[in-house]
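Remarks on the structure that follows.
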Amino acid sequence: MHLLKILLKTRLHQFSHGKILQLAYKLMLKAFSMQFGSQNAWKTPATLMGSTRFATFPNSNAGRNALTLYEEIMRAFQIPTKNAPAVVHDIPKPEPLPGEVRVKIAACGLNFADLLMIAGKYQEIPEAPFTLGLEAAGVVDAIGEGTDAPPLGTRVAVFNGYGGLAEYGCFPAICTVELPGSMSFTEAAAFQIAYGTGHVALDYKARLQPGETLLVLGAAGGVGLAAVEIGKHMGARVIACARGADKLAIAAKAGADHLIDASSGDILAECKALGGVDVVYDPVGGDQFRAAFRACRPDARILCIGFASGSVPRIPANHLLVKNISVIGFYWGAYPRFKPDVVTKSLETLLQWHADGHIAPHISHVLQLEQVQDALELLRARKSTGKVVVTTG
Ligand SMILES: NC(=O)c1ccc[n+]([C@@H]2O[C@H](COP(=O)([O-])OP(=O)(O)OC[C@H]3O[C@@H](n4cnc5c(N)ncnc54)[C@H](OP(=O)(O)O)[C@@H]3O)[C@@H](O)[C@H]2O)c1
1118 MHLLKILLKT
1128 RLHQFSHGKI
1138 LQLAYKLMLK
1148 AFSMQFGSQN
1158 AWKTPATLMG
1168 STRFATFPNS
1178 NAGRNALTLY
1188 EEIMRAFQIP
1198 TKNAPAVVHD
1208 IPKPEPLPGE
1218 VRVKIAACGL
1228 NFADLLMIAG
1238 KYQEIPEAPF
1248 TLGLEAAGVV
1258 DAIGEGTDAP
1268 PLGTRVAVFN
1278 GYGGLAEYGC
1288 FPAICTVELP
1298 GSMSFTEAAA
1308 FQIAYGTGHV
1318 ALDYKARLQP
1328 GETLLVLGAA
1338 GGVGLAAVEI
1348 GKHMGARVIA
1358 CARGADKLAI
1368 AAKAGADHLI
1378 DASSGDILAE
1388 CKALGGVDVV
1398 YDPVGGDQFR
1408 AAFRACRPDA
1418 RILCIGFASG
1428 SVPRIPANHL
1438 LVKNISVIGF
1448 YWGAYPRFKP
1458 DVVTKSLETL
1468 LQWHADGHIA
1478 PHISHVLQLE
1488 QVQDALELLR
1498 ARKSTGKVVV
1508 TTG
């Protein structure tokens, strides 16, 4: 009777077919919950059907946008509609398309870019609804038509730019890298972007040489700390600049030879006292870029990696000319598309360095998917060092 009243009150012609289906399904669940006395209609079928849960949510990716009933669902951290806040909620478990694999995700590495995407300020933001999380690691648990590799059960890391903050994700098979048995999922989720960026930038772009002086800004952050380790392993003398004694201690542990406290020190004076710098690795921008620029020796290379300070530097071209300085823009996320060989070769080198014990991700915090907002707040408040990883287990 109650259901009949709701139906009579509802002007169905105002709704799309999808909305009507959604409404019908919600009514069905309501009836179900009234029948079985559940507090939460969404949970009732799950309790009765074991691991299978139901959802009416539209899926996140192109090609999977149909409204679906009676699908298995999973937890995902999504931006549900354009400009809406990101939330953890239930969506249908995706099925891999041709050329894709589905990964049962164990861990996802957070990045400053997640904050930028949430704020609508990142250079590449997928169309909503989409799942956040640029890089992840887990096990291949389904493969799409015509996909040969990696086979079911393979432990992989995946960089796709989004889709990692969920229990499952479907990704192009070419975005996956098979993991050595020695690397945990948590480490793997913290590896690709930080080390990939540091290695391609310092080796391929800036041609850092043994004995050169490398200045790393934001040296206790995700990409900064990895650059300290890589620079040191490449034979450079490394100056690490970070805020406060605790962060500097972590940079020293990663191999930095000299430390500058960004909150109290004078970057220009301290670098000059050390004879100036040959290569600058800059994920911060703003005032720190300006000081580093002035601390450059002739023939120096400055890698523009990011602008965590929020301030994009203006570069005086006349000073570049006079001092023979090169400023190099570098965005690792674009390389897998236009020069995949560079990235593949770099990851092979990095995995070998990891296996040989030369590099090891420093992960300051590991939190659960349901705590992802707290995990992001650690980055936003500059409380993390190295990487923050979110697990789904
Ligand atoms: N080009 C690429 O391919 C690439 C790849 C990855 C990341 N990035 C960029 O690199 C930057 C760092 O990324 P991440 O993931 O390493 O981030 P992260 O772990 O949060 O590290 C950022 C570091 O920047 C420093 N920082 C200085 N001023 C800041 C401010 N006002 N707000 C926040 N942090 C500030 C912080 O160090 P202190 O507290 O010690 O000052 C912090 O440790 C971002 O801009 C990101 O987009 C670029």
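All residue numbers for the sequence shown refer to my numbering, where the first residue is 1118 and numbers rise by one.
Every residue gets a Cβ at the ideal spot worked out from N, C-alpha and C, and that includes glycine.
Remember, predicted model here, so these are calculated numbers, not experimental data.
For HIS1475, there is no enclosing beta strand (DSSP E), since its DSSP letter is neither H nor E. Within the region 1175 to 1241, the complete beta strand (DSSP E) runs of at least 3 residues fall at 1190 to 1196, 1204 to 1209 and 1217 to 1226.
If you check the CB distance, VAL1394 and ALA1409 come in under 8 Å.
The same chain holds no residue with a CB closer than 7 Å to that of GLN1326 once the five nearest residues on each side in sequence are set aside. With a threshold of 16 other beta carbon atoms within 10 Å, SER1381 falls short and is exposed. According to the DSSP assignment, LEU1438 belongs to the alpha helix (DSSP H) that extends over 1434 to 1440.
For ASN1228, the CB falls within less than 7 Å of some heavy atom of ligand 1. With respect to the 8 Å criterion, PRO1297 and ALA1434 are not classified as neighbours on the basis of their beta carbons. By DSSP's assignment, ASP1258 forms no beta bridge with any residue. Relative to the Cα of VAL1204, the nearest Cα in the group HIS1350, GLN1490, LYS1389 and PHE1229 belongs to GLN1490.
Taking the Cβ of ILE1310 as the reference point, at least one heavy atom of ligand 1 falls within a distance shorter than 7 Å. Across the structure, GLY1403 and CYS1358 are spaced so that their CA atoms are roughly 14 Å apart. Residues VAL1257, ASP1258, ALA1259 and ILE1260 of the same chain have their beta carbon placed closer than 8 Å to that of LEU1269, with the five preceding and five following residues left out of the count. Taken in chain order, the whole alpha helix (DSSP H) runs of length 4 or more contained in the region 1268 to 1354 are 1302 to 1306, 1309 to 1316 and 1339 to 1350. Between the alpha carbons of GLY1427 and GLU1262 lies a gap of roughly 44 Å. For GLY1335, the closest C-alpha among the options ARG1219, PHE1406, PHE1247 and GLU1329 is that of PHE1406. One thing to note: ASP1399 has its Cβ no nearer than 8 Å to the Cβ of MET1351.
In this structure, the C-beta of TYR1448 approaches ligand 1 to less than 7 Å from one of its heavy atoms. With a cut-off of 7 Å, the C-beta of ALA1344 is classified as distant from ligand 1, since no heavy atom of the ligand falls inside that distance. In the DSSP assignment, VAL1489 falls within the alpha helix (DSSP H) that extends over 1489 to 1497. Looking from the CA of VAL1345, the closest CA among HIS1316, PHE1247 and THR1509 belongs to HIS1316.
The C-alpha of ALA1425 lies about 10 Å from the C-alpha of LEU1233. For LEU1468, the number of other beta carbons within 10 angstroms of its own is at least 16, and it is reported as buried. DSSP, read as helix, strand or coil, puts SER1481 in strand. Looking at the DSSP output, LYS1504 shares a beta bridge with ILE1480.
Between ALA1224 and VAL1505, the CB-CB gap reaches or exceeds 8 Å.
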